[in-house]
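If you read the sequence shown in my numbering, its first letter stands for residue 5, the second for the next number, and so on. Cβ coordinates follow ideal geometry from the N, Cα and C atoms, glycine included. For clarity, every value in this text was computed on a predicted model and none was experimentally measured. Here's the structure we're looking at; comments come further down.
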Amino acid sequence: IKSRYVYSNIIPKSLRSNFSKTNELGFMDFVIKNLQELLSSNADSILQLQYQMEMVLGSVLSLREDFFEIGEQLFREQEEQRDPWLRFKDIVCQTEFVIDSFIARSGHLWEWKLGLFDILQQIKIISREVHAIKTKRTTNTQVAKFPMNLSGFSSLAG
């Protein structure tokens, strides 16, 4: 909770939610690459947060893939489904902030662990929302492919 408060006070929401539309995924790739490089550096200082960083990296990669499956355009067009995408972009910014703070040794171990824990919790919430959207979208697609006639049988069933 404290990490979210610090993050919210240091980085204004106007800066977090307004990525350049052409560079959103490029920024995410940059943060992912930095995290991968940090984890592969084998520095002793990484051991303190290695597990948490690996969990965050895996979760960010997984959620990013879920957004690709649904289609980024869907999230930009439909207001009710746009919120998870905006929150995911905020999480990527928060991840960069926590990792940069760790690298610069700005703060304490417990603050970095708490920040990474908070990121994981937010990703879990968004993942559930995205899964529900994927399920709904799959169900709607199947219904559209096989319209039912009045007798309850598919008109394509022959």
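Locate the alpha helix (DSSP H) running through residue i, then write down its first and last residues.
| i | result |
| --- | --- |
| Arg68 | Gln54 to Ile74 |
For residue i, count neighbouring Cβ atoms within 10 angstroms of its own Cβ and tell me buried if that reaches 16, exposed if not.
| i | result |
| --- | --- |
| Thr139 | exposed |
| Phe71 | buried |
| Ile127 | buried |
| Asp94 | buried |
| Leu51 | exposed |
| Leu113 | exposed |
| Phe34 | exposed |
Express the C-alpha separation of residue j and residue i in angstroms, rounding to a whole number.
| i | j | result |
| --- | --- | --- |
| Thr143 | Ala136 | 10 Å |
| Glu115 | Arg141 | 39 Å |
| Gln54 | Asn38 | 14 Å |
| Asn46 | Gln40 | 11 Å |
| Glu69 | Ile129 | 16 Å |
| Leu120 | Val102 | 7 Å |
| Ser66 | Cys97 | 17 Å |
| Lys117 | Glu73 | 30 Å |
Given residue i, which residues of its chain have a CB within under 7 Å of its CB, disregarding the five upstream and five downstream residues?
| i | result |
| --- | --- |
| Gly111 | Ser105 |
| Asp87 | none |
Excluding the 5 residues preceding and the 5 following residue i in the sequence, name in chain order all residues of the same chain whose CB lies nearer than 8 Å to its CB.
| i | result |
| --- | --- |
| Leu124 | Gln56, Met59, Val60 and Ser63 |
Take residue i and list the residues in its own chain whose beta-carbon comes closer than 6 Å to its own, dropping the five residues that flank it on each side.
| i | result |
| --- | --- |
| Thr26 | Bear in mind that the predicted position of Thr26 carries a pLDDT of just 43, short of 50, making it unreliable; the figure below should be weighed with that in mind. Contacts found: none. |
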